[in-house]
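Under full-length UniProt numbering, the first residue of the sequence shown carries the number 1, and numbering increases by one thereafter. Presented below is the structure to which this report refers.
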Amino acid sequence: MHMMRMRHGKMGGVTDASCRTLFSIFFTTCQTPQFQAIVNNCFSKKMTMDAPPSKIRKLDCSSVTKLEVHPILDPALTCETIASTSFQALNLVNKQVIGQIIGGLNELPESFQHLKRVGKDGSVLISETEESAKQIIIGLKNDDVRIEDLKTVLVPSKKPSTRRQFEVSKLLWSTAFHPNHDVEKLLDGSFLTDSLREYVIRYTQRVIEMGDGCIAVQSNSVLSSGCPSTHPLGHPVMEMVRNLQKRTGSDYLGTGSDVFLVNEPCAMCSMALVHFRIKRLFYVRNSKNGVLKDDGWQLHLEPSINHHYEVFRVNIHDESGSNLDNVDSNSLCTLAK
Ligand SMILES: [Zn+2]
1 MHMMRMRHGK
11 MGGVTDASCR
21 TLFSIFFTTC
31 QTPQFQAIVN
41 NCFSKKMTMD
51 APPSKIRKLD
61 CSSVTKLEVH
71 PILDPALTCE
81 TIASTSFQAL
91 NLVNKQVIGQ
101 IIGGLNELPE
111 SFQHLKRVGK
121 DGSVLISETE
131 ESAKQIIIGL
141 KNDDVRIEDL
151 KTVLVPSKKP
161 STRRQFEVSK
171 LLWSTAFHPN
181 HDVEKLLDGS
191 FLTDSLREYV
201 IRYTQRVIEM
211 GDGCIAVQSN
221 SVLSSGCPST
231 HPLGHPVMEM
241 VRNLQKRTGS
251 DYLGTGSDVF
261 LVNEPCAMCS
271 MALVHFRIKR
281 LFYVRNSKNG
291 VLKDDGWQLH
301 LEPSINHHYE
311 VFRVNIHDES
321 GSNLDNVDSN
331 SLCTLAK
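Spelled out as C-alpha cells, the structure:
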C-alpha cells in the first residue's frame, strides 16, 4: 500500500487511542435504556428557566445572495487519489491464447475482485507475488506462456467508491465500478435542487431567529424545537427532544426527520440525534466542541454506531452579509461542560 490516510489527530492533548476508548464507552452508554432514563429523569425535574433567545438581525429570505450546503462526507469519498499496489502480469505475445490462459487460472483473490483480469495492453493478471506467479506459469504447461514474459504492474488496491476515483483507477489498470448515484449527487452538488434550497433557507432562517436553536422537521412540518436552558443538559438538541409533544411510545421518535441547528453539536447532542433516528442534520457554524466537522471527529461516520445520518454545513448570506454576527457564540455545545 502506498497511501495512508490520517483521520483522527490529537484532541486537546488527549491521544487518539484514549479518545477512541472514551468515545466507545460513551456510544455504548448513550444507547442504553438506563442512560435514556437518566436524561428523561433530569428533564422531568426541570430546575431552571430557559435562557432568552439572543437578538439577531432577521435574514431576508427573498434576498439570499449566497447559499452553500456543504455535505460533510467520509474522506474515503472525497479523496481523489487512490492507493496502489504491485501485481504480477503476463505479457502474452500470442494474444489468441488469452481466453485459454484465463480458463486455466484460479479467480483473483477476494480483495482484488474489482480488477479486470486483462489490462488495456492485453496482459493478464497472474498473482500478487513473483514467486507464486512463476509457479502458476509452470503449472499452465503452455508453450505460449513464458516466465520471462512476467512483468510487475501497479494496480488500484481498493475498489473505487466514486466516479472520480474510478477515472484515476483505470489509468493504472482496468477496474470495475458501480456508481452510487446518491453519493455522486452529493459530490457534484446536484443534490441541491430548487426545492431543497428553499427548504434549507426556510428552516435555517427559523433556527437562526431562535438564537442558538434546534428544529426537527418531519414530513415538511415542525416536529419539535428547542433553545438552550441553563439546565446542565440543556443543550439545544436535548431541549428539542424534551419539548417533543407527540410521544408515540417508540424510542425512535424522530425517524426520518431533518434537524436544523445553528451550532455544530457536541458529542452528547450528536449521539442523541443518533438515538432520535434523524435522516439529515443541517448546521450553520462550526463549534469548538463540535464532533461532526470536516477535519474533526466526524462522529456521524463512526462505524460503531447503529444509525447514521447525513450532515450538511449551511453557509447563508443576504445582501447585508451573514446574519450570524449577533448570535451568541457561547453555545452549550461549544463550551466544555
Ligand atoms: Zn450539545
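Virtual Cβ for every residue (Gly too), placed ideally from N, Cα, C.
A check of alpha carbon separations from Leu-172 across Ala-267, Ser-123 and Val-222 identifies Ser-123 as the nearest.
Lys-66 places its beta carbon less than 7 Å from that of His-317.
As summarised for the region 59-92, the continuous alpha helix (DSSP H) elements at least 4 residues long and confined to that stretch are 75-78, given in chain order.
In terms of Cα proximity to Ile-305, the closest of Thr-152, Glu-128, Thr-204 and His-275 is His-275. Straight-line spacing of the CA atoms in Arg-242 and Glu-264 works out to 19 Å.
DSSP places Ile-102 in the uninterrupted alpha helix (DSSP H) bounded by 98-103. The C-beta separation of Val-69 from Val-222 comes to about 20 Å, leaving the pair out of contact by the 8 Å criterion. With the rule of 3 Cβ pairs closer than 8 Å, the region 161-177 does not count as touching the region 207-226. In this structure the region 182-200 does not lie against the region 101-121, because fewer than three pairs of beta carbons, one per stretch, are closer than 8 Å. Per DSSP, reduced to three states, the secondary structure at Phe-177 is coil, with no helix or strand assignment. Using a cutoff of 6 Å, the CB of His-275 does not count as near ligand 1, since none of the ligand's heavy atoms is closer than that. Leu-77 and Arg-280 have their C-alpha atoms roughly 18 Å apart. In this structure, ligand 1 has a non-hydrogen atom nearer than 6 Å to the beta-carbon of Cys-266. Across the structure, Val-311 and Ile-201 are spaced so that their CA atoms are roughly 16 Å apart.
Asp-212 sits close to Val-262, with the two beta carbons spaced by under 7 Å.
Less than 7 Å separates the beta-carbon of Val-291 from that of Ser-270.
Shown here, Pro-228 sits in coil according to DSSP, grouped into three states, outside any helix or strand. Within 6 Å of the C-beta of His-235 there is at least one heavy atom belonging to ligand 1. For Cys-269, the shortest C-beta to heavy atom distance toward ligand 1 is below 6 Å. The DSSP-derived three-state label of Arg-164 is helix.
Contact between Leu-125 and Phe-87 holds, since their C-beta atoms are separated by about 6 Å, short of 8 Å. In the displayed model, Phe-276 falls within a helix according to three-state DSSP.
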